[in-house]
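Chain order of the listed sequences is A and B. Here my numbering is used: the first residue of the first sequence is 902, the next is one more, and so on. Here my numbering is used: the first residue of the second sequence is 80, the next is one more, and so on. Backbone N, C-alpha and C define an ideal beta-carbon position, used for all residues, glycine too. Worksheet for the structure shown next.
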Amino acid sequence: SQSFCAVYVMASVSIQDQKRLSSKGDTAFANMEKVNCELFVMTYGAIVIQLVKDIGDVAKVNTRLEAMGYNIGMRLIDEFLSKAQIKRCKNFQETAELIARVGLKMFLGVEGSIKSKDDTTFYMDLSNNPLNDFVELPPQFKGKLNYCNLLCGVIRGSLEMVQLRVQCVYTKSVLNGDDCDQIKVSLEEVLEDVFADDDD
Amino acid sequence: PTFDRGMSSLTTNTTVSSSCLEYLLLAAVQQYQALSTELEWDESTLHSKLQELGEHLGIRVLEKLVKDHARFHRELDIIKFLCKDFWNHCFNKNQVDKLQTNHKGTYVIHDYYFPWIKKISSSNSMPSHDANTAEVKVALLYLNITAGLIRGAIKNLGRIATVTVEIQQYPKCFFTIKMPKDPKTSIEKSPATTDGATQDT
Chain A
902 SQSFCAVYVM ASVSIQDQKR LSSKGDTAFA NMEKVNCELF VMTYGAIVIQ LVKDIGDVAK
962 VNTRLEAMGY NIGMRLIDEF LSKAQIKRCK NFQETAELIA RVGLKMFLGV EGSIKSKDDT
1022 TFYMDLSNNP LNDFVELPPQ FKGKLNYCNL LCGVIRGSLE MVQLRVQCVY TKSVLNGDDC
1082 DQIKVSLEEV LEDVFADDDD
Chain B
80 PTFDRGMSSL TTNTTVSSSC LEYLLLAAVQ QYQALSTELE WDESTLHSKL QELGEHLGIR
140 VLEKLVKDHA RFHRELDIIK FLCKDFWNHC FNKNQVDKLQ TNHKGTYVIH DYYFPWIKKI
200 SSSNSMPSHD ANTAEVKVAL LYLNITAGLI RGAIKNLGRI ATVTVEIQQY PKCFFTIKMP
260 KDPKTSIEKS PATTDGATQD T
């Protein structure tokens, strides 16, 4: 019902389109080769811990995780575009929904939900981020280590490859006691005009 | 530090796309190459860091994999488990290509085309046989993580082992596992070899 939309500012993506994208995400995920989720998240955990051991400084680890994600994003975008068969986005809100309902779903098997702040900023809520599985941050890392910072880099790297320069930060984490994970994405610059009037 | 919370999962999804793991490993290997340059590590330091990473992972993976199984009593049972169930679980490959043993605590696992290094060589038309090419160096980074994984798995099964990995004819590799008879005795050091072998002490 339409009351769902009233909560959000300027939700210019219709419920119908949201459902269509979710369905696209499900299909794309179903067609991907899979690996055991636990193996993947444990591998991620082992990498984070090793980086902490080898670098020490938590802020630097956060930067490294983001950089790793950025490199992944730059590669992943090609797979995303070809397998999800994406057409151009009409606006940044649509980009947001695409990331949450198709991108995340296709790779991680989970869907995010989007809250748009305005034309150039959105928040993506993730209530069941698999990367958090089996993880408990010791007190000295809570509020300091952005454990899932890799995801911010992935979003930033993949969007940059489609000419959208964004800033991406983790704003909430269940590992810090928040109710869900949350990533804030702000559009800083459009490097070339990608908002075309396509007849989709 | 440990970030481990125990066995219960927050999510219900049991799979992710295999691309996730491939991208993650690639990013980790690249990150460690960069770190190695910045922190001026020699090759064996870089390899041992990657083994450490692998070992931690191996311990955790085993924990989940065998929690319902009976303890392994015989050494050979441990090795066979590694060659089949563990190999299949971690690398999506039915089992290793060959297993050799001298029946005195040394085991050699051969893999003729290890899944984690497939993506490196697929960008070239012919795998090179020269042990000093860039591909082999990169492959060894992945393989050192794997050597650590094996060591961690064995550790979780109650034994201490040394695990080294070599590439003599790319893309074939082999892992040499040495398990001293009495786990309490000091670990015997393997002699270093010159063609890309790594030490795990």
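Interface residues of chain B facing residue i [CB-CB closer than 9 angstroms]
i	result
A/Asn1077	Within 9 angstroms Cβ-Cβ: nothing; A/Asn1077 doesn't reach chain B, min ~13 angstroms.
A/Arg965	Gln110, Ala113, Leu114
A/Pro1040	What A/Pro1040 touches in chain B: nothing, since even the nearest Cβ is about 11 angstroms away.
Under 8 angstroms from the C-beta of residue i: neighbouring residues of chain B
i	result
A/Leu933	Here the sequence assigns Met to residue 933 of chain A, which means Leu is not the residue at that position. Simply Ser96, Ser97, Ser98.
Same chain, Cβ closer than 6 angstroms to residue i, neighbours up to 5 away in sequence not counted
i	result
A/Cys990	Thr996
Alpha carbon of residue i to alpha carbon of residue j, nearest angstrom
i	j	result
B/Cys162	B/Gln110	29 angstroms
A/Lys925	A/Met1062	21 angstroms
B/Leu236	B/Lys177	22 angstroms
A/Ser915	A/Leu922	11 angstroms
A/Asn932	A/Ile987	15 angstroms
A/Lys984	B/Gln179	42 angstroms
A/Gln1068	B/Cys169	35 angstroms
Any C-beta of chain A under 8 angstroms from that of residue i
i	result
B/Arg139	yes
B/Tyr191	no
B/Asn203	At B/Asn203 the pLDDT is 47, less than 50, meaning the model places this residue with poor confidence and gives no usable figure here.
B/Lys39	Summary: the structure shown does not reach residue 39 of chain B, with chain B confined to residues 80 through 280, and so no result is reported for it.
B/Leu136	yes
B/Thr93	yes
B/Glu119	no
B/Ala240	no
Closer than 8 angstroms to chain B by CB, residue i
i	result
A/Leu1005	no
A/Thr996	no
A/Arg976	yes
A/Glu1012	no
A/Thr944	yes
A/Leu1009	yes
A/Glu894	Any property of residue 894 of chain A remains undetermined from this structure, which presents chain A solely from 902 to 1101.
Chain-ordered chain A contacts of residue i [CB-CB under 8 angstroms]
i	result
B/Asn171	Val936
B/Ala213	The contacting residues do not exist; B/Ala213 stays about 18 angstroms from chain A at best.
Own chain partners of residue i with C-beta closer than 8 angstroms, once the 5 adjacent residues on each side are dropped
i	result
A/Cys938	Gly1010, Pro1031, Asp1034
Proximal chain B residues relative to residue i, where beta-carbon distance stays under 7 angstroms
i	result
A/Ile1000	None at all; the shortest Cβ gap to chain B is about 15 angstroms.
A/Asp955	Leu114, Lys128
Cβ separation of residue i and residue j, assumed to be a contact under 8 angstroms, to the nearest whole Å
i	j	result
A/Phe1008	B/Ser98	6 angstroms
B/Arg230	B/Met258	With 8 angstroms as the limit, B/Arg230 and B/Met258 do not qualify as a contact, their Cβ atoms being about 10 angstroms apart.
A/Asn1050	A/Glu967	5 angstroms
A/Met943	B/Leu219	Wrong, their Cβ atoms sit about 22 angstroms apart, outside the cutoff.
Listed by chain order, chain A residues near residue i by CB distance under 7 angstroms
i	result
B/Tyr102	Ile973, Arg976, Leu977
B/Leu132	Ala947, Ile948, Gln951
Residues near residue i in its chain [Cβ-Cβ closer than 7 angstroms; skip 5 each side]
i	result
A/Val953	Val962
B/Phe151	Ile157, Phe160, Leu236
Chain-ordered neighbours of residue i on chain A, where CB pairs are closer than 9 angstroms
i	result
B/His168	Asn937, Leu940
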